[in-house]
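Here's the structure we're looking at; comments come further down.
Residue numbers (the numbering used here), protein chains in the order written: chain P, 1 to 213; chain D, 1 to 211.
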């Protein structure tokens, strides 16, 4: 019956939602990575990703792990773990996230508690359609140093400077990756076989090790 | 970024949601008509309608008002009222709903409480995209006699028969209205101006309603 193509994400937003209700929702749907909940002082976005959204997300996560491995850097993939700070009334569940510089601090942890643990070093956000509200202020408040955002066409690297994100050409947490290299690889992932694509990512990493400066 | 968003609804489905969490969400969202929540024993669908979705719901509600008037029948529109029954773990918020046969019992009530009040006689459901939660079993359990559903191309009239909805030749709530006529009027609502459209609906009613 359906003649309308489903968008890459389904999003709904609820207003005036209390922190306790947000916590009830998180508790009820614990261990589900989708839909993903984002909370900012009463505003609650619930986003359901499409297979297209998840495909980009997984490829980018694989790229992070492959590059880190070739550069001999530890990167722990914590997927869509829930991060929340009741004192700030903010919380989010990223498409993917990684502990890189702080990997050792969370290595033996079963749960992340932002009251004592650091935030992830890198967050991946896929927005094929416009988000209901920007999540950058939440990431900034929680102190995420770097965000990679993909809008369906372009990858952008955003680095936390003070309390705002600034777009930069080159990643800090995973140097020497650049937004151009990321955009090119994601574009290639649309047509290439996964294994061949991953091999190309690895080759690029080996060629660029230590040559970032 | 994509532009399809405009035509379609936005829907998300959450699983394993407790009745308590569902009620909290309803309370905190308050009297806003959007987003609309449907709940069936742990499954919670939250739906944000598009403007096309809302427009169809509006014109169908207008049609109900005009036909009821021409038939000298009272129709009490209660819009997207929340209908819920904690005892059976189900609830929904239709795109539009009406009390017709039970109009007198509901007229003027500030709130509907299904533990004492009857369910609506007619529910309108617009689905430009496939729902993530089938609401028909909820309507059936709550005892809604008649459902009109528009799927983006066609409107269909369903009647509750022995716990299941079956496609009906014509409406019981507003007799002589068929799915074809309803479909035609929904389609015309996008091309005609509202005054011409209303006139057409009224003319049809005068020409086709017996008695």
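The beta carbon of each residue, even a glycine, is placed where N, CA and C say it ideally should be.
Assuming residue i and residue j make a contact with CB atoms under 8 Å, what is their CB distance in whole Å?
| i | j | result |
| --- | --- | --- |
| residue 9 of chain D | residue 49 of chain D | 5 Å |
| residue 156 of chain P | residue 167 of chain P | 6 Å |
| residue 214 of chain D | residue 146 of chain D | Shown here, chain D extends from 1 to 211; a query on residue 214 of chain D therefore has no answer. |
| residue 38 of chain P | residue 135 of chain P | 6 Å |
| residue 142 of chain D | residue 90 of chain D | 7 Å |
| residue 80 of chain P | residue 33 of chain P | 4 Å |
| residue 119 of chain P | residue 83 of chain P | 7 Å |
| residue 24 of chain D | residue 24 of chain P | 6 Å |
| residue 120 of chain D | residue 97 of chain D | 4 Å |
So, are the CB atoms of residue i and residue j less than 9 Å apart?
| i | j | result |
| --- | --- | --- |
| residue 60 of chain P | residue 186 of chain P | yes |
| residue 198 of chain D | residue 48 of chain P | no |
| residue 276 of chain P | residue 112 of chain P | Chain P is shown from 1 up to 213; residue 276 of chain P falls before or after that span and cannot be answered. |
| residue 218 of chain P | residue 45 of chain P | Residue 218 of chain P lies beyond the range of chain P shown here (1 to 213); nothing can be said about it. |
| residue 86 of chain D | residue 19 of chain D | yes |
| residue 185 of chain D | residue 59 of chain D | yes |
| residue 149 of chain P | residue 158 of chain P | yes |
| residue 92 of chain P | residue 139 of chain P | yes |
| residue 98 of chain P | residue 75 of chain P | yes |
| residue 114 of chain D | residue 100 of chain D | no |
| residue 150 of chain D | residue 124 of chain D | yes |
| residue 70 of chain P | residue 209 of chain P | yes |
| residue 15 of chain P | residue 29 of chain D | yes |
| residue 11 of chain D | residue 42 of chain D | no |
| residue 131 of chain P | residue 40 of chain P | no |
| residue 179 of chain D | residue 156 of chain D | yes |
| residue 201 of chain P | residue 121 of chain P | no |
Can you tell me which of the three DSSP states residue i falls into?
| i | result |
| --- | --- |
| residue 176 of chain P | coil |
| residue 156 of chain D | strand |
| residue 74 of chain P | coil |
| residue 177 of chain D | coil |
| residue 101 of chain P | coil |
| residue 86 of chain D | helix |
| residue 112 of chain P | coil |
| residue 194 of chain P | helix |
| residue 125 of chain P | strand |
| residue 49 of chain P | strand |
| residue 60 of chain D | helix |
| residue 172 of chain D | coil |
| residue 15 of chain D | coil |
| residue 4 of chain D | With a pLDDT of only 45 at residue 4 of chain D, under the threshold of 50, the placement of this residue in the model should not be trusted; the figure read from the coordinates follows. Residue state, collapsed to three classes: helix. |
| residue 205 of chain D | helix |
| residue 9 of chain P | strand |
| residue 192 of chain D | coil |
| residue 20 of chain D | helix |
| residue 107 of chain P | coil |
| residue 75 of chain D | coil |
| residue 166 of chain D | strand |
| residue 85 of chain P | strand |
| residue 90 of chain P | strand |
With a threshold of 9 Å between beta-carbons, can residue i be considered close to chain D, or not?
| i | result |
| --- | --- |
| residue 14 of chain P | yes |
| residue 178 of chain P | no |
| residue 57 of chain P | no |
| residue 24 of chain P | yes |
| residue 18 of chain P | yes |
| residue 29 of chain P | yes |
| residue 201 of chain P | no |
| residue 11 of chain P | yes |
| residue 21 of chain P | yes |
| residue 80 of chain P | no |
| residue 155 of chain P | no |
| residue 94 of chain P | no |
| residue 192 of chain P | no |
| residue 60 of chain P | no |
| residue 33 of chain P | no |
| residue 48 of chain P | yes |
Regarding residue i and the ligand MG, is the C-beta to nearest heavy atom distance less than 8 Å?
| i | result |
| --- | --- |
| residue 160 of chain D | Inclusion of the ligand MG in the displayed structure is not the case, the ligand content being empty and no account of it being possible. |
So is residue i in contact with chain P if we call contact Cβ pairs under 9 Å?
| i | result |
| --- | --- |
| residue 17 of chain D | yes |
| residue 25 of chain D | yes |
| residue 94 of chain D | no |
| residue 112 of chain D | no |
| residue 35 of chain D | yes |
| residue 10 of chain D | yes |
| residue 80 of chain D | no |
**Item:** Ranges of the alpha helix (DSSP H) found wholly within the region 87 to 155 of chain D, counting only runs of at least 4
**Value:** 103 to 106, 136 to 142
- What are the start and end residues of each continuous beta strand (DSSP E) run of 3 or more residues lying completely inside the region 132 to 175 of chain P, in chain order? 146 to 150, 155 to 161, 164 to 168
Ignoring anything shorter than 4 residues or poking outside the region 19 to 46 of chain P, list the alpha helix (DSSP H) runs there in chain order. 19 to 28
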